[in-house]
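K.L.:
Residue numbers (my numbering): 157 to 374.
C-beta atoms are modelled at their ideal positions from N, C-alpha and C, and glycine is treated no differently.
This structure is in structure tokens; I'll ask about it shortly.
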């Protein structure tokens, strides 16, 4: 977890997830804010859970980090006990039930759990009172209205990894341009049958250059 965020009350955030032909892509900006104050320009909002899932976080940082640790612990305990990886759906249900049990004193967060298991790729959005939805693509945080508009316009089922990565980066770029609480670059990852993969900064820069040059599809 990112120790830079200790004591920060809230993150102004845009996080997104979308399916592609062989897995899921997730992306998030790197700005953490407390009111109008930019508390961090290097916040990690894509957190790995076991070997085959990621959790994106928006909301109160302490709440989100605790939930991410809980998810990772539960997933690893399940694998140690059963010899199998927990399904994305099962872990999302556990997190949903946990958050629902605190609905009268809620965790102030919204998360996306995305991953790849024996049944394929899955994306679940879970809100602060435990509401859960499985989606083809989704966005959370203060810039989500802008990001979801980009996804609504350009998303297609069966996209290649390259297409999905470009679309995810484009959506974050648009959110950064419109939402003052979103900014300071981005992290991007994808999950497939081989596990979790984070893009290197230079790879993200190549996509940004392509988008800026207008060489992307559409």
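Please report how far the alpha carbon of residue 233 lies from the alpha carbon of residue 362, in whole angstroms.
P.N.:
Roughly 39 Å between the two C-alpha positions.
K.L.:
Starting from residue 343, follow the beta strand (DSSP E) in both directions and report where the run begins and ends.
P.N.:
342-348 is the span of the beta strand (DSSP E), which, as asked, contains residue 343.
K.L.:
Could you compute how far the alpha carbon of residue 292 sits from the alpha carbon of residue 279?
P.N.:
Going from the Cα of residue 292 to the Cα of residue 279 covers about 7 Å.
K.L.:
Run the proximity test for residue 263: is its beta-carbon closer than 7 Å to any non-hydrogen atom belonging to the ligand GDP?
P.N.:
Summarising the ligand content, the structure contains no ligands, and the ligand GDP is consequently not present.
K.L.:
Among 307, 236, 223, which one has its Cα closest to the Cα of residue 269?
P.N.:
Here the closest residue by C-alpha is 223.
K.L.:
Figure out for me which residue from 273, 286, 241 has the closest Cα to the Cα of residue 262.
P.N.:
Of 273, 286, 241, the residue nearest in Cα terms is 286.
K.L.:
Across which residues does DSSP place residue 272 in a beta bridge pair?
P.N.:
BP columns for residue 272 point to 277.
K.L.:
Spatial neighbours of residue 370 within its chain, please: C-beta separation below 6 Å, excluding the five flanking residues on both sides.
P.N.:
Nothing listed; no residue qualifies.
K.L.:
Where does the unbroken alpha helix (DSSP H) through residue 361 begin, and where does it stop?
P.N.:
Start and end: 357-369.
K.L.:
Applying the 10 Å Cβ sphere with the 16-neighbour rule, what's the burial state of residue 311?
P.N.:
So residue 311 ends up on the buried side.
K.L.:
Contact check, residue 320 vs residue 210 under 8 Å by CB: the rounded distance?
P.N.:
Not confirmed; about 14 Å, so no contact.
K.L.:
With DSSP as the reference, label residue 209 as helix, strand or coil.
P.N.:
Note: residue 209 maps to strand in three-state DSSP.
K.L.:
So, under 8 Å CB-CB, residue 169 and residue 303 are touching, yes? Tell me the CB distance rounded to an integer number of Å.
P.N.:
Not really, about 10 Å apart at Cβ, beyond 8 Å.
K.L.:
What is the DSSP secondary structure of residue 230, reduced to helix, strand or coil?
P.N.:
Note: residue 230 maps to helix in three-state DSSP.
K.L.:
In three-state terms, what does DSSP make of residue 312?
P.N.:
Looking at residue 312 - three-state DSSP - the assignment turns out to be coil, as it is neither helix nor strand.
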